[in-house]
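What follows is one structure encoded as structure tokens, with my remarks underneath.
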Amino acid sequence: MKAGLKLPEVTFHTRVRDEAVGGPNPFRWEDKTTSDYFAGKRVILFSLPGAFTPTCSTYQLPGFEKGAAEFKELGIDEIYCLSVNDSFVMNKWAESQNLENVKVIPDGSGEFSRKMGMLVAKDNLGFGMRSWRYAAIVDNGVVEAWFEEPGICDNHGEDPYGVSSPENLLKHLKGEGAEAVA
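Position 51, counted from 1, in the sequence shown is what my numbering calls 51; the numbers after and before it change by one each time, with no gaps.
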């Protein structure tokens, strides 16, 4: 059961746009910690197997992006999408998805996912180590509600999706019967 769990403190290596850098790729490295993202805020964190993958790009990320205003009305300050991809990939994916509301977090080395107990092998798909699909409502760095897809294991033959969907989190926040899982 992850409700009540304090998120692990890690450093995420991000790339941020900085026009002072100049040139065709005006980005610089900026390290951000778990506290930088989660302290003093009530947020939704959702994690998925990979940027640019079908379910993630077609349903989960766009669903959270479209539902952002409604989530804010229900007391959510930020929505974060985390994946075991580097910052270059996550930034390009955010750009390709025309994100305005959801912010991406690169867990390039998988350290956060590992410390959350959510790092799984996806060698059967040629991915290597990736995050299992889940979502959480996090208040000031502590998990308030946890939504994990069933069947977590290495090299799972399917990609379950539903429990961690934006629709399910909205139902939970509205008290409409969608329960978080242990």
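Yeah, the Cβ is synthetic: ideal placement off N, Cα and C, and Gly gets one too. A quick note: this is a predicted structure, and the numbers were derived from the prediction, not measured.
> So residue 17 packs on residue 88, CB below 8 angstroms; how close in whole Å?
Replying inline: Along the sequence shown, read from residue 1 onward, the residue named residue 17 stands at position 17. Along the sequence shown, read from residue 1 onward, the residue named residue 88 stands at position 88. About 13 angstroms separates the two Cβ atoms, so there is no contact after all.
> How many Å lie between residue 5 and residue 79 at the Cα?
Replying inline: Position 5 of the sequence shown, counting from 1, holds the residue named residue 5. Position 79 of the sequence shown, counting from 1, holds the residue named residue 79. Between residue 5 and residue 79, the C-alpha separation is close to 19 angstroms.
>> Tell me which residues share the same chain as residue 34 and place their Cβ nearer than 6 angstroms to its Cβ, disregarding the 5 neighbours each side in the sequence.
In response: Within the sequence shown, numbered from 1, the residue matching residue 34 stands at position 34. Answer for residue 34: 7, 9 and 10, listed in chain order.
> Where does residue 17 fall in DSSP's three states?
Replying inline: Locating residue 17 in the sequence shown gives position 17, counting from the first residue. In the structure shown, residue 17 sits in a strand (DSSP, three-state: E or B).
> How many Å lie between residue 71 and residue 170 at the Cα?
Replying inline: What you label residue 71 is simply residue 71 of the sequence shown in a count that begins at 1. What you label residue 170 is simply residue 170 of the sequence shown in a count that begins at 1. Each residue's Cα considered, the two are about 7 angstroms apart.
>> Please state the DSSP three-state secondary structure of residue 122.
In response: Here the question's residue 122 lines up with position 122 in the sequence shown. Three-state result, residue 122: coil.
> Whole alpha helix (DSSP H) runs in the region 91–137 with 4 or more residues, listed along the chain?
Replying inline: 111–115
>> Whole angstroms are fine: how far does the CA of residue 73 sit from the CA of residue 184?
In response: Nothing in the structure corresponds to residue 184, since the chain is present only between 1 and 182.
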